[in-house]
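In this note's numbering, the protein residues as written are 20 to 177. C-beta: ideal position from N, C-alpha, C; glycine also. What follows is a short report on a single structure.
Now the structure itself:
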């Protein structure tokens, strides 16, 4: 496993023009922690291909039970407690993962592998305490590079 440091932060609006589909907000209020459970999402409907996922709140485990036919446009970590994303490989068509700036220190963990359709754009601006660790493989389906959208490069570990 290689380790790189990369800045992560900002609010959801930073790259709103980069994404497509609906924005799905995780509540984790369903009967289980699965992505496909309608009750885990604010609008009571599970995400579909092309949606952007926003993880927030206090229910800190989410399990991707979708297969490779469902590709999400982006993932935003807008949480204030540590999150773990696990399960099947995450496929991202929009090639973006962002985290918001926090006043307390937390570390989110992606246990699932992550595959970007092109180059991976990880990060945003001015983050100081929101860390993301990838325990699985982070890859680009097209062989593109991973890059920071902005300049602060300290809080992502691949």
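A buried status is given to residue 65, since no fewer than 16 other beta-carbon atoms sit within 10 Å of its beta-carbon. Counting the other CB atoms within 10 Å of its CB gives residue 92 a total of 16 or more, which places it among the buried residues.
Under the DSSP assignment, residue 60 falls outside any beta strand (DSSP E); it carries neither an H nor an E label.
Here the alpha carbon of residue 75 sits roughly 21 Å from the alpha carbon of residue 112. Closest in C-alpha terms to residue 122, from the list 103, 152, 97, 105, comes 97. Rounded to whole angstroms, residue 70 and residue 157 show a C-alpha spacing of 20 Å.
Measuring C-alpha to C-alpha distances from residue 46 to each of 81, 134, 40, 67 identifies 81 as the nearest. Following the DSSP letters along the chain, one finds residue 127 inside the beta strand (DSSP E) bounded by residues 125 to 129.
For residue 134, the enclosing beta strand (DSSP E) covers residues 133 to 135. Beta-bridge analysis with DSSP links residue 157 to 133.
Shortest Cα-Cα distance from residue 133 to any of 102, 150, 154 involves 154. Per DSSP, the unbroken beta strand (DSSP E) holding residue 82 starts and ends at 80 to 83.
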